[in-house]
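J.: To get our numbering, take the position in the sequence shown, counting from 1, and add 122. One structure coming up, written as structure tokens, with questions to follow.
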Amino acid sequence: MYVMSLKLDNSWWSKSKEERASLINGLEETEKSLKTRLISIKRFVSMRWKSDLLYWLSSEDTSSLNDAKFSLISSLRGNASENYSMISVFRPSPYEMGKDMDVRKILDLPQLKYFVAYPMKKSPEWYLLNFEERRDIMMEHIKMAKTHPKNEGIRSYTTYSFGIQDDEFVVLYEMPSLSDWTVVVEKLREAKARKWITNEEPILVGETAELTSLFLK
């Protein structure tokens with residue numbers, strides 16, 4: 123699993139509409155070619171000031187992820203750079219073992235309107251609790267989320283990054299409504315599991331949108 127944030131250089135905005143259209147067409151052609159080599163590729167327009175595009179790439183091997191990353195950046199011909207990335211492994215939660223998980227089927231679902239992703243880290247004290255206690259705490263958290271009336275349509279993906287990046291998890295979400303999402307997140311601040319979380323930054327937020335309508339003004 124690879125999430126990356128791209129920032130368009132200042133030179134992009136001084137280019138003619140024709141130049142930008144040509145670069146966007148090249149980017150979209152690259153995306154199409156990558157679909158046959160990845161489990162999924164999802165692109166969002168960033169809604170935060172530090173970036174302009176967000177990509178969520180999924181593959182069974184890291185070589186395909188690297189190839190996809192460099193292909194996307196190269197297609198913009200030096201007009202964009204990667205300013206943040208997260209790498210992780212998607213596997214079943216140890217607290218919900220026995221639950222069937224078809225990774226390809228889950229990741230290949232059509233993307234929703236909004237996307238949120240962030241790294242997460244827990245304190246050392248969390249891992250010193252016995253497994254049964256950790257499981258009970260996490261099941262409370264999961265139940266609070268799943269039973270919340272505003273949770274309808276929200277997809278969550280907890281992925282693991284122990285030993286491969288600075289944090290321990292990458293948490294990703296897709297949702298049809300940002301306003302409903304914020305209500306659910308606020309409620310989950312009351313969950314006992316919050317006690318051991320030490321980092322959830324930076325938060326990436328993206329929207330599904332056509333590039334031509336946003337970058338050719």
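Note that CB positions come from ideal geometry on N, CA and C, so glycine has one too.
Compare the C-alpha of residue 325 against each of 317, 148, 169 and name the closest.
T.: 169
J.: So residue 328 is in the alpha helix (DSSP H); what residue range does that whole segment cover?
T.: Element bounds for residue 328: not the alpha helix (DSSP H) but the beta strand (DSSP E), 326–329.
J.: Please go through the same chain and pick out, in chain order, the residues whose beta-carbon is closer than 8 Å to the beta-carbon of residue 143, but skip the five residues on each side of it.
T.: 334, 338
J.: For residue 181, count the other beta carbons within 10 Å of its own beta carbon; 16 or more makes it buried, fewer makes it exposed. Which is it?
T.: buried
J.: How do the stretch 305–317 and the stretch 252–264 stand: do at least 3 beta-carbon pairs fall below 8 Å, yes or no?
T.: yes
J.: So residue 249 is in the alpha helix (DSSP H); what residue range does that whole segment cover?
T.: Note, residue 249: alpha helix (DSSP H), 246–250.
J.: If you count every other CB in all the chains shown that lies within 10 Å of the CB of residue 289, and 16 or more means buried, which is it?
T.: buried
J.: So, helix, strand or coil for residue 172, using DSSP?
T.: coil
J.: Whose CA, out of 319, 286, 330, lies closest to the CA of residue 210?
T.: Checked all of 319, 286, 330; the closest Cα to residue 210 is 286.
J.: Tell me, please, which residues DSSP counts as bridged to residue 238.
T.: 295, 327
J.: Less than 8 Å between the C-beta atoms of residue 204 and residue 128, yes or no?
T.: yes
J.: Report all residues from its chain with a CB closer than 7 Å to the CB of residue 160; omit the five preceding and five following residues, and keep chain order.
T.: Once the five neighbours on either side are set aside, the close Cβ partners of residue 160 are 179, 180, 181, 186, 190.
J.: Assuming residue 272 and residue 306 make a contact with CB atoms under 8 Å, what is their CB distance in whole Å?
T.: Indeed, because the Cβ distance is near 5 Å, the residues count as touching under 8 Å.
J.: Going by CA-CA distance only, name the one from 140, 151, 251, 234 that's closest to residue 343.
T.: One cannot answer for residue 343 here, as it falls past the ends of the chain, which runs 123 to 339.
J.: Can residue 297 and residue 328 be called in contact, C-beta distance under 8 Å?
T.: no
J.: Using CA coordinates, which residue listed in 149, 125, 267, 301 is at the minimum distance from residue 162?
T.: Nearest of 149, 125, 267, 301 to residue 162, Cα basis: 125.
J.: Determine, using beta carbons only, whether residue 311 and residue 295 come nearer to each other than 8 Å.
T.: no
J.: When you compare each of 236, 212, 250 to residue 226 by their alpha carbons, which one comes out closest?
T.: 212
J.: What is the residue span of the beta strand (DSSP E) that residue 321 lies within?
T.: 319–321
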